[in-house]
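Student:
Residue numbers (UniProt numbering): 1 to 179.
1. Under 8 Å by Cβ, that's how I've got residue 44 and residue 38 pegged, so tell me the actual separation to the nearest angstrom.
2. Going by other Cβ atoms of all chains shown within 10 Å of its Cβ, with 16 needed for buried, is residue 77 buried or exposed?
3. So does the region 164-175 actually touch the region 125-142, counting three or more Cβ pairs closer than 8 Å?
4. May I have the straight-line CA-CA distance separating residue 56 from residue 83, to the nearest angstrom?
5. Hey, which unbroken runs of the alpha helix (DSSP H) at 4 residues or more fall wholly within the UniProt domain "RNA polymerase sigma-70 region 2" (22-87)?
6. From what residue to what residue does the alpha helix (DSSP H) around residue 13 run?
7. Considering only their Cβ atoms, is the gap separating residue 124 from residue 175 smaller than 8 Å?
8. Going by DSSP in three states, residue 128 sits in which element: helix, strand or coil?
9. Here's the rule: buried if 16 or more other CB atoms are within 10 angstroms of the residue's CB, otherwise exposed. What is residue 74?
10. One question on the structure: do residue 137 and residue 152 come within less than 8 Å of each other, judged by their Cβ atoms?
11. What residue range does the alpha helix (DSSP H) around residue 158 cover?
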């Protein structure tokens with residue numbers, strides 16, 4: 001986090017290299033989150049780009065009482081919600097958990113089973129209400145705490161815990177065939 005603070009301090013005084021490092025460090029996870037929320041690579045790229053533009057413009061207002069990652073994910077979450085509101089429905093597009101899920105086997109049977117599981121999980125996640133899906137992705141895929149998620153989504157940690165619990169319950173029901 002100290003390196004984030006130093007990067008923010010440098011970026012605030014106009015160091016574009018420092019801001020580029022912030023983008024390199026946090027951009028991939030922000031994109032993964034946006035793509036999983038929106039299920040559209042193009043829209044996710046726009047959301048992340050808009051989030052970084054907003055971050056650059058308001059970097060002077062960043063308060064270090066929350067982690068830089070949390071602040072950036074908060075901006076990304078709000079941009080994703082805005083994109084969802086103005087978005088024209090499109091056919092379901094393929095999306096992945098990317099780097100958060102690694103392929104652990106070259107065994108074709110294992111890979112086929114894993115891809116079937118992920119396909120069904122994608123469908124189940126897509127059917128969750130947006131807030132449950134957002135909380136679940138931030139907790140289970142991005143590994144954030146309830147407090148961090150609450151900061152990002154402007155919710156109390158107990159409300160986040162409730163959303164994650166409901167998401168887990170729904171996913172458990174819908175993924176029962178994989179137990």
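Backbone N, C-alpha and C fix where the C-beta goes; we use that ideal spot for every residue, glycine too.
As the structure is a computational prediction, the values presented were derived from the model and not from experiment.
Tutor: This is what the structure gives:
1. For this step, residue 44 is matched to residue 44 along the chain shown. For this step, residue 38 is matched to residue 38 along the chain shown. Between residue 44 and residue 38 a beta carbon distance of about 5 Å is seen, short of the 8 Å cut, so the two are scored as contacting.
2. What you label residue 77 is simply residue 77 of the chain shown in a count that begins at 1. Classification for residue 77: buried.
3. yes
4. Locating residue 56 in the chain shown gives position 56, counting from the first residue. Locating residue 83 in the chain shown gives position 83, counting from the first residue. Their Cα atoms are separated by approximately 20 Å.
5. 41-58 and 68-86
6. The sequence position of residue 13 within the chain shown is 13, counting from 1. Careful: residue 13 lies outside any alpha helix (DSSP H) and carries neither H nor E.
7. The residue labelled residue 175 in the question sits at position 175 within the chain shown. The residue labelled residue 124 in the question sits at position 124 within the chain shown. Their beta carbons are under 8 Å apart, which means residue 175 touches residue 124 by this criterion.
8. By 1-based counting over the chain shown, the position of residue 128 is 128. It is coil, neither helix nor strand.
9. Here the question's residue 74 lines up with position 74 in the chain shown. Classification of residue 74: buried, given that the 10 Å Cβ count is 16 or more.
10. Here residue 137 is taken as the residue at index 137 of the chain shown, counted from 1. Here residue 152 is taken as the residue at index 152 of the chain shown, counted from 1. The answer is no: Cβ separation not under 8 Å.
11. Numbered from its first residue, the chain shown carries residue 158 at position 158. Taken as a continuous stretch (DSSP letters only), the alpha helix (DSSP H) holding residue 158 covers 157-174.
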